[in-house]
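>
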Amino acid sequence: MFTSVLMIEKALTSADVEFVTTLHGDEAVAFHVLLQPRGDQADRLLRAIDDVALGELDEAAHERETPEGEEAVGQGRQALDVSLLALRSAGSEAEGRLIEDHPLDALKALVDEIEADEVIVLTDPHYVEEFFHRDWASRARHKVGVPVLKLFSHSKV
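So the sequence shown is numbered by numbering that gives the first Met the number 0: it starts at 0 and just counts up by one.
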């Protein structure tokens, strides 16, 4: 069985589930999902810039209303549960956990623990972080020792 660590930041859409579950054809895949609830206030500016770059001005204006930190944990747990159920419904094995601090350290530890074959980072575009190679996928490539695939979410939840 092929083992993938899937890093996400929100609930998977049905299009996302279909995409990741068909990447390896008919080969069975076990997913270990890591979800980090929304970041702290320092991330707010980066998210707003990304919203503007995507032409989503309304999103940028409402960025401060998005729950963060402890308030985001409940929503993160719900998004993780929905994602795991969707992956299982598509015929894949799936387990997961929330990560709150040091996501790349948690990723490296999990990759080593389960001897993962790959890491899939599935997020919305983050243009500022990507430009400076500070996004999860760019940083993970130097840390985890397995192939890292970066994919963009198909649609908003």
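All residues carry an ideal CB built from backbone N, CA and C; glycine is no exception.
DSSP three-state label for V150, please.
Position 151 of the sequence shown, counted from the first residue, corresponds to residue 150. Rather than Val, the amino acid found at residue 150 in this sequence is Leu. Reduced to three states, the DSSP call for L150 is strand.
> How about E94 and H31: do their beta carbons lie closer than 7 angstroms?
The residue given as residue 94 occupies position 95 in the sequence shown. The residue given as residue 31 occupies position 32 in the sequence shown. The answer is yes: Cβ separation under 7 angstroms.
> List the DSSP bridge partners of S3.
The residue labelled residue 3 in the question sits at position 4 within the sequence shown. Beta-bridge pairing links S3 to F30 and E117.
> Okay, do the region 81-95 and the region 107-125 touch, 3+ Cβ pairs below 8 angstroms being the bar?
Flag = no, the region 81-95 and the region 107-125 do not touch.
> Taking Cβ to Cβ, would you say I119 is nearer than 7 angstroms to L5?
As a first step, residue 119 is located in the sequence shown; it is residue number 120 there, counting from the start. As a first step, residue 5 is located in the sequence shown; it is residue number 6 there, counting from the start. It is a contact, given that the beta carbons lie within the stated cut-off.
> Thinking C-alpha only, which one of D80, F1 and K107 is nearest A139?
Numbered from its first residue, the sequence shown carries residue 139 at position 140. The shortest C-alpha separation from A139 is found at K107.
> Residues in its own chain within less than 6 angstroms of T122 by CB, not counting five upstream and five downstream?
Against the sequence shown, residue 122 aligns to sequence position 123. E8.
> In the DSSP output, what is L97 paired with across the bridge?
Taking the sequence shown and counting its residues from 1, the one referred to as residue 97 is at position 98. Answer is L34.
> Just to confirm before moving on: does the CB-CB distance between P146 and E117 stay below 7 angstroms?
As a first step, residue 146 is located in the sequence shown; it is residue number 147 there, counting from the start. As a first step, residue 117 is located in the sequence shown; it is residue number 118 there, counting from the start. Yes, they are a contact pair.
> Roughly how many whole angstroms lie between the Cα atoms of A14 and V28?
In the sequence shown, counting from the first residue as 1, residue 14 sits at position 15. In the sequence shown, counting from the first residue as 1, residue 28 sits at position 29. Distance between the alpha carbons of A14 and V28 is about 17 angstroms.
> Would you report the Cα separation of V143 and S3, rounded to the nearest angstrom?
Taking the sequence shown and counting its residues from 1, one reaches residue 143 at position 144. Taking the sequence shown and counting its residues from 1, one reaches residue 3 at position 4. So the alpha carbons of these two residues sit roughly 12 angstroms apart.
> Measuring alpha carbon to alpha carbon, tell me which of Q35, F1, V16 and F18 ends up nearest H101.
Residue mapping note: residue 101 aligns to position 102 of the sequence shown, counting from 1. Residue Q35 is the option with its Cα nearest to H101.
> Quick one, are the C-beta atoms of E26 and F1 less than 7 angstroms apart?
Along the sequence shown, one-based indexing puts residue 26 at 27. Along the sequence shown, one-based indexing puts residue 1 at 2. For E26 and F1, yes; Cβs fall inside 7 angstroms.
> Please tell me whether L150 has its Cβ less than 7 angstroms away from any Cβ of chain C.
No chain C is present in this structure, which holds just one protein chain.
> Please classify S152: is it buried, with 16 or more other beta-carbons within 10 angstroms of its beta-carbon, or exposed?
Taking the first residue of the sequence shown as position 1, residue 152 is located at position 153. The residue in question, S152, is buried, as its Cβ has 16 or more Cβ neighbours within 10 Å.
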